[in-house]
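Going down the list, the sequences are from chains A and B. Heads up, the first sequence is in the numbering used here, so the first residue is 134 and it goes up one at a time. Heads up, the second sequence is in the numbering used here, so the first residue is 134 and it goes up one at a time. Where is the CB? At the ideal position from N, CA and C, for every residue including glycine.
Protein chains: 2
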Amino acid sequence: MPKQKITIIGAGLSGSLLAIYLAKRGIAADVYESRGDMRTAEMSAGRSINLALSNRGIAALKEVGLDEYMLAEAVPMHGRMIHATGGQTKLAPYSGRKDEYINSVSRSGLNVALMNEAEKYDGVKFFFNEKCVDFDCQSGEAKFASGLIAKGDTVIATDGAGSAVRDAMMHGGISRFNFSQTWLEHGYKELHIPPAANGDFQMEKNALHIWARGAFMMIALPNFDGSFTCTLFLAHKGENSFEEIVSRRLTQINADHKNNFHLSALSAKSAANSVLDFFQTNFPDSIPLMPTLVEDFFTNPTGNLGTIKCFPWNVGGKALLLGDSAHAIVPFYGQGMNASFEDCRILNQLIEQHGADWKTVFDEFTASRKPNADAIAQMAEENFFEMRDAVADPIFVRKRELETKLEHEFPDYFSKYSMVTFREDLPYSVAKRKGNAQDKLLMEICAKVDDVSEIDLNEVVAEVRNA
Amino acid sequence: MPKQKITIIGAGLSGSLLAIYLAKRGIAADVYESRGDMRTAEMSAGRSINLALSNRGIAALKEVGLDEYMLAEAVPMHGRMIHATGGQTKLAPYSGRKDEYINSVSRSGLNVALMNEAEKYDGVKFFFNEKCVDFDCQSGEAKFASGLIAKGDTVIATDGAGSAVRDAMMHGGISRFNFSQTWLEHGYKELHIPPAANGDFQMEKNALHIWARGAFMMIALPNFDGSFTCTLFLAHKGENSFEEIVSRRLTQINADHKNNFHLSALSAKSAANSVLDFFQTNFPDSIPLMPTLVEDFFTNPTGNLGTIKCFPWNVGGKALLLGDSAHAIVPFYGQGMNASFEDCRILNQLIEQHGADWKTVFDEFTASRKPNADAIAQMAEENFFEMRDAVADPIFVRKRELETKLEHEFPDYFSKYSMVTFREDLPYSVAKRKGNAQDKLLMEICAKVDDVSEIDLNEVVAEVRNA
Chain A
134 MPKQKITIIG AGLSGSLLAI YLAKRGIAAD VYESRGDMRT AEMSAGRSIN LALSNRGIAA
194 LKEVGLDEYM LAEAVPMHGR MIHATGGQTK LAPYSGRKDE YINSVSRSGL NVALMNEAEK
254 YDGVKFFFNE KCVDFDCQSG EAKFASGLIA KGDTVIATDG AGSAVRDAMM HGGISRFNFS
314 QTWLEHGYKE LHIPPAANGD FQMEKNALHI WARGAFMMIA LPNFDGSFTC TLFLAHKGEN
374 SFEEIVSRRL TQINADHKNN FHLSALSAKS AANSVLDFFQ TNFPDSIPLM PTLVEDFFTN
434 PTGNLGTIKC FPWNVGGKAL LLGDSAHAIV PFYGQGMNAS FEDCRILNQL IEQHGADWKT
494 VFDEFTASRK PNADAIAQMA EENFFEMRDA VADPIFVRKR ELETKLEHEF PDYFSKYSMV
554 TFREDLPYSV AKRKGNAQDK LLMEICAKVD DVSEIDLNEV VAEVRNA
Chain B
134 MPKQKITIIG AGLSGSLLAI YLAKRGIAAD VYESRGDMRT AEMSAGRSIN LALSNRGIAA
194 LKEVGLDEYM LAEAVPMHGR MIHATGGQTK LAPYSGRKDE YINSVSRSGL NVALMNEAEK
254 YDGVKFFFNE KCVDFDCQSG EAKFASGLIA KGDTVIATDG AGSAVRDAMM HGGISRFNFS
314 QTWLEHGYKE LHIPPAANGD FQMEKNALHI WARGAFMMIA LPNFDGSFTC TLFLAHKGEN
374 SFEEIVSRRL TQINADHKNN FHLSALSAKS AANSVLDFFQ TNFPDSIPLM PTLVEDFFTN
434 PTGNLGTIKC FPWNVGGKAL LLGDSAHAIV PFYGQGMNAS FEDCRILNQL IEQHGADWKT
494 VFDEFTASRK PNADAIAQMA EENFFEMRDA VADPIFVRKR ELETKLEHEF PDYFSKYSMV
554 TFREDLPYSV AKRKGNAQDK LLMEICAKVD DVSEIDLNEV VAEVRNA
C-alpha cells in the first residue's frame, strides 16, 4: 500500500478510535476537531455524560488494546432496576448468564483515553478549534471556518449528526442523495444524583435504573465516582412535557408576583414548585437523591432525540461518512457508540482486504453497514416503547423472565436484547430478524400461561432453534 | 378581515392558482418567480410537457372559473392503452363508467392561463426573475438573489421540490424539522411523437399509452396539437439503464474510430445504434412514430424522480409550504398537480373559516393535509410497480376487469384508482385505506377463478360494502 494520509473530520469517540486503527496500519491521520481540546479546556460535554459500553464497542477497543483500560473504570450494569411510583424496586436482569452485562463509562473519559492513545503514534495529528464548514465533492477538499483547506488521500467524516461533509453531499455534491431526519416528540434532560456523604452510591450501583411511566420515563446510569447521571425523557409539548413544567413555573411566578412577593425569591420558589410537583407525582423516590434537581432542571439544556439516515455514505473514494454522520440513532438501545465503534472495526477489516483502494473500501463498507445501521436505528426507536410501556405489561414481564431462564439453561439461546448487545459476531440486521421472530413466538407462549414455571423450557428452545 | 397582502414564492401552477383564490377574497398577492415570464420568453418547461388533470384538480379550477376553459384544450384519456413488445395493443379502461376519465393538459398552457387569470385582479402582482434564496423564520422576511426583501402579512411558498423556504426551516429555522428526500433508481426522459402528416394523432388519442417492460417502461400522453409526449422511465445505472445506452454509444464510437471512419458521422451512427437497438428490442412499434428519437434521447435531459416529505409545513403564521415544496411525489399516479390544486382548495376553505388568523389556518391546513400528502406519496411510489409489472400479472388483469364490471353495474362501487382519481370528496388517506382493503379482497377472489365471468358480482359488491 502506498503511504497514505487521511483527513478525519471530528475528534469525538469514532474519529479518535479510527485514528488509532489507521495508525496501527501505518496510515497517517490529520484529525480536525471543531471544539477545543477537552483534555486542556473545561468543555461542556455537549452530549451525554455516560454511555453504555457493550460487546460491539468492546470488540473494537480490544483490537486497539484499550478494552481492559476502559473496563477498569466502567461500572457493570447487570440489569434494569425498575422503580415503581411507590418507590419499590425490582431488578430485571439483562441476561440469564452472569458474564453478559453492559458497562457504564464516562463519555469524556473514553474520548480522552482514545485521543491519548492515538497521539502515541507519530502519524496522528490533532487540530483543535477547526470547524469543517464544507466539503468539495469534486476535488475532495475539506474547508474549515478558519480558511484552512485540508486534502489528504481521502476524507473520513466522523463529525456527527450535523455533519458538514454530509450536508455538502446533500446539497448538490451527490445527485440523488437520500436523506431523512426524524425527531421524536420527546426530548431529554440530564440530572444528577451525587454520591452519599460517605462516597457510596445512593442506589444499587450495578444496574441501569429506570422509572417507566408510560408516556415518559427517567433512567439513571452509575458513574465511577459514586454518582449517577439521570436522564429524563419527556415530551417537548403537551401533557406532562418540558413546556408544561416551564409554563407552570411562569404561571406561578405571575400569581406570586400579584401577591407582591419579592420577585427573585418567588421565581426560585415557583420553579421549585413546578419541578418538584412533577417529580413528587411521578418519581417521588428520586427527590431525596437529587439535591440540585430544581437548579439542574432549569440550567441544563433540553436535548432533542433524532434519527438520521442517508445513502450513499461515500463520495466514491474521496470521502466516507462514519458513525453518527451516517446514521445517528436514538439512545434507547444503548447502541449509538457501540454501532460507531463497530463501524471502525469493519472499516479496518476492509482496509486489510483492499488496502488503499478507497472507492472499493468505502463502497463495500456502505453496502455492508447500511442494512445494519438501519436495523439498529429501528430497534432503538422501538425500544423506547418497550422501556416506557412494556415493563408494565405482565405478558412482557413473563417473557423476559422466560428468556432469562432460557439463557441460564441453554448456552446457545440468546434473547433479541442479548443478540444486539452481547453478540458482536451477529450483524444488527440478523439480530433484528431473528430477534423479532423469537419475540413473537415467546410472547404467544407467555400469553397462554399465568406463570413461567408452567412452560416446558426444552420445548420452547426446540421451537426457537427450528424457527 | 383586515386588508392582507401575501407573499407567494413561485408562479408555477400552485402559486398562480393560489393567487387567484386569494384575489377572489380580496387578499392581495405579490408573486415572486425565479424564472422569466413564460408568456413572453421562450422557456424550457424544465418539467413535464403535459400532465393528467383529474377530478381533484378540476374541482379547484372550477372554483376559480377555469375548468371549462382548460378542459376545452385537454385530451380526454379513457384508459391505459397497453402496448405489448410485439406491437399488439389493448385498452384497459380507467373506470367502468363513461364519465370517469383523466385529461391530458399542457403544463405551460395551464400555467399561462392561471397567470393570465390572476393578473385580471388588481391585487395580484407578478415579479419575474426574482429567485428566493432565504427566508428568515424570525422576522418572516423572504430574501431574493437580487437583494430584494419581501415581507407581507405572511408568506406562502409554492417554490417546488427545491424550496428555499423549506431549506431555511430545515437549517435552524425550526427546531426538530422532520425531512426526507428519497430518490428512485429510475430517471425519466421525454421523447416526442409528432402528429401524422395530415395532422392526425399517430395512435389512439383518447388513451394513456403504456409500454410496460417489468424493470422499465415508457408512457405517452396525447397533446392537443396531435402529438404525443413520451416519457421513458429507466434505471440510471445497471442493466437496461440510461448509463448503459450512453456507454454503449461510446464503445461503438471508439470501435468505429479504430476503423478510421469519419468521426462526426460515426458518432451520430453509434448514437443511433445504441438507442435504436434498445428501442428495437423493447418498443419496436414506437420507432416509426418517433423521427427525432435519437436526437431527442441525447439532447433532452435525464430527470430524477424523488419523494420529499417534511413536517411541520408552517412557521407559525409566518410561512406555509404548499404543493411540491411540502410534498413532492413521483408521477406514477398522475396526482402531483392534482394534490397541489387540492391544497389550494382546502387552504381557501380554511381562510373562509378562520380569516387572516394565519397561524390557525396554517396549523389546520398542515394537520388536515399532511396525512393525505403522505398517502398519495406512498400510493404514487407503489403505482410504479403496478404500471411496470402488474399489467402483466393475469390475476391483476382479471381484478381490473372485475372492477370495471363492478363500476359499470354499481354506481356506488369505486376502485382504488377511481377513489384517488375521480372522488374529490374523499381524502387521499381514506381512498388509500379503503382501496387497499378492497384490493386485497378482489385479488383473493380473482386468484380463485380463471375467468371473471365466474364471479357473482352481487356477492362481491356486498363484501366490499361490508369491508
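- With contacts defined as CB atoms closer than 8 Å, LEU341 of chain B and MET214 of chain B qualify as a contacting pair.
- With the criterion set as a beta carbon lying under 9 Å from some beta carbon of chain B, the members of the segment 312–323 of chain A are PHE312, SER313, GLN314, THR315, TRP316, LEU317, GLU318, GLY320, in sequence order.
- In the three-state DSSP reduction, ILE588 of chain B falls in the coil class, being neither helix nor strand.
- By the C-beta density criterion, PHE412 of chain B is buried, having at least 16 other C-beta atoms within 10 angstroms.
- Under the three-pair Cβ rule at 8 Å, the segment 495–509 of chain A counts as touching the segment 560–570 of chain A.
- Collapsing the DSSP output to three states places ARG158 of chain A in coil.
- For the alpha helix (DSSP H) assignment, the uninterrupted runs of no fewer than 4 residues enclosed by the segment 426–465 of chain A are, from N- to C-terminal side, 426–432, 457–460.
- By the beta-carbon neighbour count (other beta carbons within 10 angstroms, threshold 16), SER380 of chain A is exposed.
- Of all alpha-carbon atoms in A:LEU575, A:HIS211, A:LEU574, A:MET520, the one lying nearest the alpha-carbon of LEU365 of chain A is that of A:MET520.
- Three or more Cβ pairs drawn from the segment 452–463 of chain A and the segment 509–518 of chain A lie within less than 8 Å of each other, which places the two stretches in contact.
- Taking every protein chain shown into account, the CB of GLY273 of chain A has 16 or more other CB atoms within 10 angstroms, so this residue is buried.
- Annotation for PHE361 of chain A: the continuous beta strand (DSSP E) segment containing it runs 361–368.
- Excluding sequence positions up to five before and after GLU542 of chain B, its CB lies within less than 7 Å of the CB of LEU590, all in the same chain and listed in chain order.
- DSSP places MET302 of chain A in the helix class (H, G or I) of the three-state scheme.
- For the C-beta of ARG299 of chain B, not a single chain A residue is nearer than 7 Å; the gap to the nearest is close to 13 Å.
- Here LEU281 of chain B is exposed: its Cβ has fewer than 16 other Cβ atoms, across all protein chains shown, within 10 Å.
- The DSSP-derived three-state label of GLU376 of chain A is helix.
- The contact set of SER458 of chain B on chain A, defined by CB atoms closer than 8 Å, is empty, because the minimum CB distance reaches about 16 Å.
- Looking only at A:ILE289, A:ARG556, A:GLU337, the smallest Cα-Cα distance to TYR165 of chain A is reached by A:ILE289.
- Residues of the segment 556–586 of chain B with a C-beta less than 8 Å from any C-beta of chain A: none at all.
- Within the segment 413–438 of chain A, the residues whose Cβ lies closer than 7 Å to some Cβ of chain B are ASN437, listed in chain order.
- Within its own chain, the residues whose Cβ lies closer than 7 Å to the Cβ of LYS442 of chain A, once the five positions on either side in sequence are excluded, are SER313, HIS460, ASP507, ALA510, listed in chain order.
- Between the alpha carbons of LYS138 of chain A and ALA297 of chain A lies a gap of roughly 20 Å.
- Per DSSP, reduced to three states, the secondary structure at PHE474 of chain A is helical.
- Distance check between SER187 of chain B and each of B:ARG172, B:GLY198, B:ALA207, B:ARG168 places B:ALA207 closest, using alpha-carbon atoms only.
- With respect to chain B, the C-beta atom of SER374 of chain A has no partner C-beta closer than 8 Å.
- ALA193 of chain B is not a Cβ neighbour of ARG531 of chain B, given a cutoff of 8 Å.
- Per DSSP, ILE420 of chain B is not a residue of any alpha helix (DSSP H), being assigned neither H nor E.
- In this structure GLN271 of chain A is exposed. Its beta-carbon is surrounded by fewer than 16 other beta-carbon atoms within 10 angstroms.
- By the Cβ rule, the segment 252–269 of chain A does not count as touching the segment 228–242 of chain A, because fewer than three pairs are nearer than 8 Å.
- When DSSP reads this structure, GLY212 of chain A sits in a beta bridge with A:PRO226.
- Listed as beta-bridge partners of LYS138 of chain B by DSSP are B:ALA161.
- For GLN314 of chain B, no alpha helix (DSSP H) segment is defined; the enclosing uninterrupted segment is the beta strand (DSSP E) at 311–326.
- The DSSP assignment places complete beta strand (DSSP E) segments of no fewer than 3 residues inside the segment 170–206 of chain A at 183–186, in order along the chain.
- Across the structure, LYS258 of chain B and THR499 of chain B are spaced so that their CA atoms are roughly 27 Å apart.
- For GLY190 of chain A, same chain residues with a beta-carbon under 7 Å away, outside a window of 5 residues either side, are MET470, ASN471, PHE474 in chain order.
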